[in-house]
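Participant: I'd like to ask you about the structure that follows.
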Amino acid sequence: MIAPTRISIDAVHAPVYYVESVTSTLDLAASLLADTATPTPHLTTIIADRQSTGRGRLGRSWITPPGQALLASTIISLPVSLHADALGWIVHACALSVRHALAARLKPLGHTVTLKWPNDVLVDGSRKICGILAQLAPASSPFTTAVILGYGVNIAQAPGTLPTPQATSLLAEGDVQAGADPTAVAHEVLAVILAGLDERMRSLVAHGDAASAGLAAEAEAALPLIGTRIVLASPTDAFGTPALEGVALGLAPTGALLVRDDDGQTHQIDAGDVLATGTPLTPVHDTKEKRANN
Numbered sequence: 494m495i496a497p498t499r500i501s502i503d504a505v506h507a508p509v510y511y512v513e514s515v516t517s518t519l520d521l522a523a524s525l526l527a528d529t530a531t532p533t534p535h536l537t538t539i540i541a542d543r544q545s546t547g548r549g550r551l552g553r554s555w556i557t558p559p560g561q562a563l564l565a566s567t568i569i570s571l572p573v574s575l576h577a578d579a580l581g582w583i584v585h586a587c588a589l590s591v592r593h594a595l596a597a598r599l600k601p602l603g604h605t606v607t608l609k610w611p612n613d614v615l616v617d618g619s620r621k622i623c624g625i626l627a628q629l630a631p632a633s634s635p636f637t638t639a640v641i642l643g644y645g646v647n648i649a650q651a652p653g654t655l656p657t658p659q660a661t662s663l664l665a666e667g668d669v670q671a672g673a674d675p676t677a678v679a680h681e682v683l684a685v686i687l688a689g690l691d692e693r694m695r696s697l698v699a700h701g702d703a704a705s706a707g708l709a710a711e712a713e714a715a716l717p718l719i720g721t722r723i724v725l726a727s728p729t730d731a732f733g734t735p736a737l738e739g740v741a742l743g744l745a746p747t748g749a750l751l752v753r754d755d756d757g758q759t760h761q762i763d764a765g766d767v768l769a770t771g772t773p774l775t776p777v778h779d780t781k782e783k784r785a786n787n
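All residue numbers for the sequence shown refer to my numbering, where the first residue is 494 and numbers rise by one.
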């Protein structure tokens, strides 16, 4: 196992471990969690300049030039008494924390930051700046459930160097400091993300469910697709073939997406790719009333 270096970042109180290069921060986080000699309390985070086999959702590769992105994995430790339904909200909590951190930098530049279900953060509704993964891991204590969140935030990639036209970075959106000092900006962004994660996880544990914690309402408000007609592909379809079309009603108690098809049947979607969204068909408050009657 690569020996990481523990570093200090302003306003971050949990351990942060740094490695210059690693196969995947998710893999290293899992190794550290299994190593009883290494302290890995709640919110322990691993960051790297480069990942040789970084991966996105559904096994897709995640490639970024060295030193131009925040490549991180954070260990979330929750009490085993927390209902299993709540675990599905951890990715939402991370996405909302990333959104808050990036909006602080991009909103003054005239941009909006929203979420794309289930795990992407978008600028101006169309350009992806962050992707998120979550995986369960063996906990270091029989009293806790451990989840590792992996996330990559594009910081300093210049316009024209990004892998796809749908990708973006802080620098590409006009954040000059992100290009001048990407490491400092990445650390600042990480500090805000971890503070947001801490607040949302504390609320989730204290209330026991996402609705009472306010997490469900916050997530739905950050998802422009709620109340619109959408097209979904199966999560295992590499070709993006439409598999379901309907109106996105909201989020289930598990964090899954609720979609009502043209036959009036409501589907609970745990994973999938949103291929297209349309204009809102009905006000969001109306769709919630209909969801309650389904």
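Just so it is clear, CB atoms sit at the ideal spot from N, CA and C, and this is done for glycine as well.
1) Only counting the same chain, and skipping five residues up and downstream in sequence, which positions put a Cβ closer than 8 Å to that of threonine 498?
2) Give the DSSP-derived three-state secondary structure of valine 682 in the structure shown.
3) Just reading off the alpha helix (DSSP H) that glutamine 670 is part of, what are its end residues?
4) May I ask you to verify whether the stretch 696-712 touches the stretch 656-673, counting CB pairs closer than 8 Å and requiring at least 3?
5) Would you report the Cα separation of leucine 690 and arginine 543, rounded to the nearest angstrom?
6) Is the beta carbon of alanine 677 closer than 7 Å to that of alanine 504?
7) Helix, strand or coil for threonine 770? Go by DSSP, reduced to three states.
8) Which residues in the same chain have their Cβ closer than 6 Å to the Cβ of asparagine 647, if we skip the five residues on either side of it in sequence?
9) Quick one: any contact between the stretch 587-604 and the stretch 734-751, if contact means 3 or more CB pairs under 8 Å?
10) Compare the Cα-Cα distances from tryptophan 582 to each of Ala709, Gln628, Thr607 and report the closest residue.
11) DSSP three-state call for valine 573: helix, strand or coil?
12) For isoleucine 583, does the three-state DSSP call read helix, strand or coil?
13) Who does threonine 498 pair with in a DSSP beta bridge?
14) Alpha carbons only, please: which of Leu768, Phe636, Glu738 is nearest the one belonging to aspartate 755?
15) Would you check if the distance between the CB atom of valine 724 and the CB atom of leucine 768 is smaller than 7 Å?
16) What would DSSP say about glycine 739, mapped onto helix, strand or coil?
17) Grab the span of the alpha helix (DSSP H) containing alanine 523 for me, first residue to last.
18) Between which two residues does the beta strand (DSSP E) holding leucine 725 run?
19) Contact defined as beta carbons within less than 8 Å: I believe serine 566 pairs with threonine 518. What is the distance between those atoms, to the nearest angstrom?
20) Can you tell me whether DSSP reads leucine 599 as helix, strand or coil?
21) Any idea which residues DSSP pairs isoleucine 762 with across the strands?
Facilitator: Concretely, from the data shown:
1) Excluding sequence neighbours, threonine 498 sits near Tyr510, Tyr511, Val512.
2) Valine 682 falls in the helix class under three-state DSSP.
3) Looking at the DSSP string, the run of the alpha helix (DSSP H) that includes glutamine 670 is 669-673.
4) Fewer than three Cβ pairs drawn from the stretch 696-712 and the stretch 656-673 lie within less than 8 Å of each other, which leaves the two stretches out of contact.
5) Rounded to the nearest whole angstrom, the CA to CA distance from leucine 690 to arginine 543 is 24 Å.
6) It is not a contact, given that the beta carbons lie outside the stated cut-off.
7) Assigned with DSSP and collapsed to three states, threonine 770 falls in strand.
8) Excluding residues within five positions, the ones whose Cβ falls inside 6 Å are Ala562, Ile622, Ser662.
9) Verdict: no, contact absent.
10) Minimum Cα distance to tryptophan 582 is reached at Ala709.
11) Residue state, collapsed to three classes: coil.
12) Helix at isoleucine 583.
13) Its beta-bridge partners are Tyr511.
14) Residue Glu738 is the option with its Cα nearest to aspartate 755.
15) At a Cβ-Cβ threshold of 7 Å, valine 724 and leucine 768 count as neighbours.
16) It is a strand residue.
17) Start and end: 518-527.
18) Counting along the chain, leucine 725 sits inside the beta strand (DSSP E) bounded by residues 721-726.
19) Contact between serine 566 and threonine 518 holds: CB atoms are separated by about 4 Å, below the 8 Å threshold.
20) DSSP places leucine 599 in the helix class (H, G or I) of the three-state scheme.
21) Bridge partners of isoleucine 762: Leu750.
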